[in-house]
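Engineer: The sequence shown lines up with residues 23 to 438 when you count with the working numbering. Backbone N, C-alpha and C define an ideal beta-carbon position, used for all residues, glycine too.
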Amino acid sequence: MTHHRLPVRVAALSAATMFLVACGGGFSEGGSSDKEPSSAEGEVELRMLIASSGDAETAAVNKAVDAWEKETGNKVTVTPAQDMTTELSKTFASSDPYDLMYIDAGRFATYAETGALYAYGDSFEAAEDVYPALKDTFTYEDEFYCVPKDSSTLGLIINADMWKEAGLTEADYPASWDDLAAVAEKLTTPDHVGLAMDSSRDRVGAFMVQAGGWLVNEDATEATADSDANVEALTYLQGMLQDGSMAWSADLDAGWGGEALGTEKAAMTVEGNWIAGAMSADYPDIDYTVAELPEGPEGKGTLTFTQCWGVASKSDAQAQAIDLIASLTKPDQQMVSARAFGVLPAVESSREEYLEEFPENEPFLAGSEYAQGPISLPDFEPVLADFDSELAGLEDGDPEAILQSLQENASAALGG
Numbered sequence: 023m024t025h026h027r028l029p030v031r032v033a034a035l036s037a038a039t040m041f042l043v044a045c046g047g048g049f050s051e052g053g054s055s056d057k058e059p060s061s062a063e064g065e066v067e068l069r070m071l072i073a074s075s076g077d078a079e080t081a082a083v084n085k086a087v088d089a090w091e092k093e094t095g096n097k098v099t100v101t102p103a104q105d106m107t108t109e110l111s112k113t114f115a116s117s118d119p120y121d122l123m124y125i126d127a128g129r130f131a132t133y134a135e136t137g138a139l140y141a142y143g144d145s146f147e148a149a150e151d152v153y154p155a156l157k158d159t160f161t162y163e164d165e166f167y168c169v170p171k172d173s174s175t176l177g178l179i180i181n182a183d184m185w186k187e188a189g190l191t192e193a194d195y196p197a198s199w200d201d202l203a204a205v206a207e208k209l210t211t212p213d214h215v216g217l218a219m220d221s222s223r224d225r226v227g228a229f230m231v232q233a234g235g236w237l238v239n240e241d242a243t244e245a246t247a248d249s250d251a252n253v254e255a256l257t258y259l260q261g262m263l264q265d266g267s268m269a270w271s272a273d274l275d276a277g278w279g280g281e282a283l284g285t286e287k288a289a290m291t292v293e294g295n296w297i298a299g300a301m302s303a304d305y306p307d308i309d310y311t312v313a314e315l316p317e318g319p320e321g322k323g324t325l326t327f328t329q330c331w332g333v334a335s336k337s338d339a340q341a342q343a344i345d346l347i348a349s350l351t352k353p354d355q356q357m358v359s360a361r362a363f364g365v366l367p368a369v370e371s372s373r374e375e376y377l378e379e380f381p382e383n384e385p386f387l388a389g390s391e392y393a394q395g396p397i398s399l400p401d402f403e404p405v406l407a408d409f410d411s412e413l414a415g416l417e418d419g420d421p422e423a424i425l426q427s428l429q430e431n432a433s434a435a436l437g438g
């Protein structure tokens with residue numbers, strides 16, 4: 023297998039950072055919460071930019087905003103982005119940015135580093151209610167910048183009919199890697215594989231965490247990609263790829279794990295709670311159930327995916343934007359979002375109500391307690407993209423070589 027390496031010194035800036043620098047958007051003063059938030063006088067007109075998942079999410083945001091408008095007398099213009107990365111780059115480089123916006127966890131640190139965001143999280147009234155993993159995700163240089171709007175985690179999605187046909191019961195839900203390998207083999211037939219998932223760090227990374235590994239150390243200052251734990255995780259997955267009990271979604275001509283499950287090309291997949299909407303809309307006849315991901319050699323592990331409510335450091339109405347965010351993230355509004363577009367609450371106080379209404383999603387919510395957040399480091403996206411391309415060839419590849427390539431690229435990015 024050919025290992026595609028980035029240059030030893032990975033110095034390429036992300037597109038967002040390049041745009042900010044080119045347009046003079048260095049924000050040298052930063053967005054520290056040591057400064058009091060700006061506050062406009064009288065009735066305020068806020069501008070909000072969102073990266074909506076669809077009509078249901080846009081409608082839910084607009085409804086929540088309408089309620090805040092009536093309560094405060096302020097006005098809000100909600101704009102769904104066509105290309106969030108490009109539009110954020112433009113707004114942060116302008117003198118009149120959107121006041122608040124969705125910030126994806128994977129790009130958060132880039133915006134925090136440039137000073138584009140105002141760090142309000144540590145002084146946010148409900149900060150302690152946020153799940154710790156989510157709070158860590160949006161912390162940069164020891165400052166909690168922005169409050170997550172909601173979250174998602176990974177679970178094991180099982181075709182219930184195929185499970186029964188294989189003679190398996192609820193007692194057979196895999197609790198360990200050995201269990202998962204055994205049921206994947208039992209579920210594999212000439213017509214479908216036992217397990218399918220996407221060949222990306224956003225799925226494979228969960229197994230690294232279960233083995234006790236991850237791509238960087240706890241404070242994200244050093245690369246840990248070539249650890250024995252990560253080698254163990256990739257070797258485990260390679261074994262199932264080679265024995266035919268597992269396949270990458272793309273190798274089944276499926277665009278993602280949900281499609282592999284829905285078209286019955288796989289009996290199980292590793293996906294997030296967003297799968298519910300897709301299965302209902304595209305594969306309504308497929309009966310499926312959700313289980314927690316099995317424990318690895320070092321215990322439980324899953325990944326969390328999230329966005330936060332960012333506040334622009336150049337906004338002249340930061341206090342009003344933060345007040346709107348408080349309304350958008352209160353527990354009852356978290357439940358409105360869960361009902362509307364299938365996300366998990368980002369706050370622990372919503373747990374009981376959520377499980378009462380969505381007991382089938384308990385495995386996803388359980389993962390919120392121990393999930394690993396995404397890597398959010400400036401200029402790290404090319405490193406992760408290269409890793410994904412190497413994972414696609416894991417079946418015939420060398421796990422140690424793949425991880426050594428990642429180690430070199432990650433170390434260069436961190437050092438550069």
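How about Glu422 and Val253: are their beta carbons less than 9 Å apart?
Structural biologist: Here residue 422 is taken as the residue at index 400 of the sequence shown, counted from 1. Here residue 253 is taken as the residue at index 231 of the sequence shown, counted from 1. It is a contact, given that the beta carbons lie within the stated cut-off.
Engineer: Determine which residues share a DSSP beta bridge with Met268 and list them.
Structural biologist: As a working note, residue 268 is residue 246 in the sequence shown. Partner(s): Leu217.
Engineer: For Glu317, which residues from the same chain have a beta carbon less than 7 Å from its beta carbon, with the 5 sequence-adjacent residues on both sides left out?
Structural biologist: Here residue 317 corresponds to residue number 295 of the sequence shown, with the count starting at 1. Excluding positions up to five away in sequence, the list reads Ala197, Ser198 and Gln232.
Engineer: Please report the distance separating the alpha-carbon of Val215 from that of Glu293.
Structural biologist: For the purposes of this step, residue 215 is taken as the residue at position 193 of the sequence shown. For the purposes of this step, residue 293 is taken as the residue at position 271 of the sequence shown. The C-alpha of Val215 lies about 16 Å from the C-alpha of Glu293.
Engineer: Following the continuous alpha helix (DSSP H) through Val231, name the residue where it begins and the one where it ends.
Structural biologist: Reading the sequence shown from its first residue, position 209 is the one you call residue 231. Looking at the DSSP string, the run of the alpha helix (DSSP H) that includes Val231 is Arg223 to Gln232.
Engineer: Spell out a yes or no on whether the segment 79-93 and the segment 280-294 are touching, meaning 3 or more CB-CB pairs, one atom from each, closer than 8 Å.
Structural biologist: no
Engineer: Return the CA-CA distance between Val43 and Leu139, expressed in angstroms with no decimal places.
Structural biologist: Within the sequence shown, numbered from 1, the residue matching residue 43 stands at position 21. Within the sequence shown, numbered from 1, the residue matching residue 139 stands at position 117. Here Val43 scores only 39 on pLDDT, less than 50, and its place in the model is too uncertain to base an answer on.
Engineer: If we require 3 or more residues per run, which beta strand (DSSP E) segments fall completely within the segment 127-192?
Structural biologist: 169-181
Engineer: For Gln329, which of helix, strand or coil comes out of DSSP?
Structural biologist: Taking the sequence shown and counting its residues from 1, one reaches residue 329 at position 307. Gln329 falls in the strand class under three-state DSSP.
Engineer: Examine the Cβ distances between the segment 317-330 and the segment 119-137 and report whether three or more of them are shorter than 8 Å.
Structural biologist: yes
Engineer: Does the pairing of the segment 164-180 with the segment 366-377 give three or more beta-carbon distances under 8 Å?
Structural biologist: yes
Engineer: Taking the alpha-carbon positions, what's the Ser349 to Trp90 distance?
Structural biologist: To locate residue 349, count along the sequence shown from 1; it is residue 327. To locate residue 90, count along the sequence shown from 1; it is residue 68. The straight-line gap from Cα to Cα measures roughly 7 Å.
Engineer: Alpha carbon to alpha carbon, how far is Ala155 from Gly389? Give it in angstroms, no decimals.
Structural biologist: Indexing the sequence shown from 1 puts residue 389 at position 367. Indexing the sequence shown from 1 puts residue 155 at position 133. If I take the Cα positions, the gap works out to 10 Å.
Engineer: With H, G and I counted as helix, E and B as strand and the rest as coil, what does DSSP make of Ser427?
Structural biologist: Here the question's residue 427 lines up with position 405 in the sequence shown. Here Ser427 sits in helix by DSSP.
Engineer: Could you tell me how far apart the beta carbons of Val98 and Leu346 are, in whole angstroms, since I believe they sit closer than 8 Å?
Structural biologist: As a working mapping, residue 98 is identified with position 76 in the sequence shown. As a working mapping, residue 346 is identified with position 324 in the sequence shown. Between Leu346 and Val98 the Cβ distance is about 7 Å, and since that is below 8 Å, they are a contact.
Engineer: Which residues does DSSP pair with Lys97 in a beta bridge?
Structural biologist: Along the sequence shown, read from residue 1 onward, the residue named residue 97 stands at position 75. Answer is Glu67.
Engineer: Could you have a look at Glu422 and say whether DSSP puts it in helix, strand or coil?
Structural biologist: As a first step, residue 422 is located in the sequence shown; it is residue number 400 there, counting from the start. The answer is helix: DSSP assigns Glu422 an H, G or I state.
Engineer: Is Gln394 helix, strand or coil when you go by DSSP?
Structural biologist: To locate residue 394, count along the sequence shown from 1; it is residue 372. Note: Gln394 maps to strand in three-state DSSP.
Engineer: Give the straight-line distance between the Cα atoms of Ile308 and Asp158, rounded to the nearest whole angstrom.
Structural biologist: Position 286 of the sequence shown, counted from the first residue, corresponds to residue 308. Position 136 of the sequence shown, counted from the first residue, corresponds to residue 158. Spanning the two alpha carbons is a distance of roughly 37 Å.
Engineer: Taking 8 Å as the threshold, find out whether the segment 351-358 comes into contact with the segment 198-210 through three or more Cβ pairs.
Structural biologist: no
Engineer: Tell me the rounded alpha-carbon separation between Ser433 and Asp250.
Structural biologist: The sequence position of residue 433 within the sequence shown is 411, counting from 1. The sequence position of residue 250 within the sequence shown is 228, counting from 1. When only Cα atoms are considered, Ser433 and Asp250 end up about 17 Å apart.
Engineer: Looking at Phe229: is its Cβ nearer than 9 Å to the Cβ of Leu259?
Structural biologist: The sequence position of residue 229 within the sequence shown is 207, counting from 1. The sequence position of residue 259 within the sequence shown is 237, counting from 1. For Phe229 and Leu259, yes; Cβs fall inside 9 Å.
Engineer: From Pro119 to Gly64, what distance separates their C-alpha atoms?
Structural biologist: Numbered from its first residue, the sequence shown carries residue 119 at position 97. Numbered from its first residue, the sequence shown carries residue 64 at position 42. If you take the alpha carbons of Pro119 and Gly64, they lie about 20 Å apart.
Engineer: If you draw a straight line from the alpha carbon of Ser116 to that of Gln340, how long is it in whole angstroms?
Structural biologist: Here residue 116 is taken as the residue at index 94 of the sequence shown, counted from 1. Here residue 340 is taken as the residue at index 318 of the sequence shown, counted from 1. Distance between the alpha carbons of Ser116 and Gln340: 16 Å.
Engineer: Let me confirm a value: Asp105 is counted as buried when at least 16 other C-beta atoms fall within 10 Å, else exposed. Which label applies?
Structural biologist: Reading the sequence shown from its first residue, position 83 is the one you call residue 105. That one is exposed.
Engineer: So does the segment 140-153 actually touch the segment 273-287, counting three or more Cβ pairs closer than 8 Å?
Structural biologist: Two segments are said to touch when three or more pairs of C-beta atoms, one from each, lie closer than 8 Å; by this definition the segment 140-153 does not touch the segment 273-287.
Engineer: Strictly by DSSP, which residues pair up with Pro102?
Structural biologist: Working through the sequence shown from its first residue, we reach residue 102 at position 80. As DSSP reads the structure, Pro102 sits in a beta bridge with Ile72.
Engineer: How about Ala360 and Ser372: do their beta carbons lie closer than 9 Å?
Structural biologist: As a position in the sequence shown, residue 360 is number 338, starting the count at 1. As a position in the sequence shown, residue 372 is number 350, starting the count at 1. In this structure, Ser372 lies closer than 9 Å to Ala360 by Cβ.
Engineer: What are the start and end residues of the alpha helix (DSSP H) that includes Ala288?
Structural biologist: In the sequence shown, the residue the question calls residue 288 occupies position 266. No alpha helix (DSSP H) contains Ala288, which is instead part of the beta strand (DSSP E) from Ala288 to Gly294.
Engineer: Do you know offhand how far Met70's Cα is from Thr101's?
Structural biologist: Here residue 70 corresponds to residue number 48 of the sequence shown, with the count starting at 1. Here residue 101 corresponds to residue number 79 of the sequence shown, with the count starting at 1. When rounded, the distance between both Cα atoms is 6 Å.
Engineer: Give the secondary structure of Ala197 by DSSP, where H, G and I count as helix, E and B as strand, and everything else as coil.
Structural biologist: As a first step, residue 197 is located in the sequence shown; it is residue number 175 there, counting from the start. Three-state DSSP puts Ala197 in coil, outside helix and strand.
Engineer: Answer yes or no: do Glu488 and Asp248 have a C-beta to C-beta separation smaller than 9 Å?
Structural biologist: Any property of residue 488 remains undetermined from this structure, which presents the chain solely from 23 to 438.
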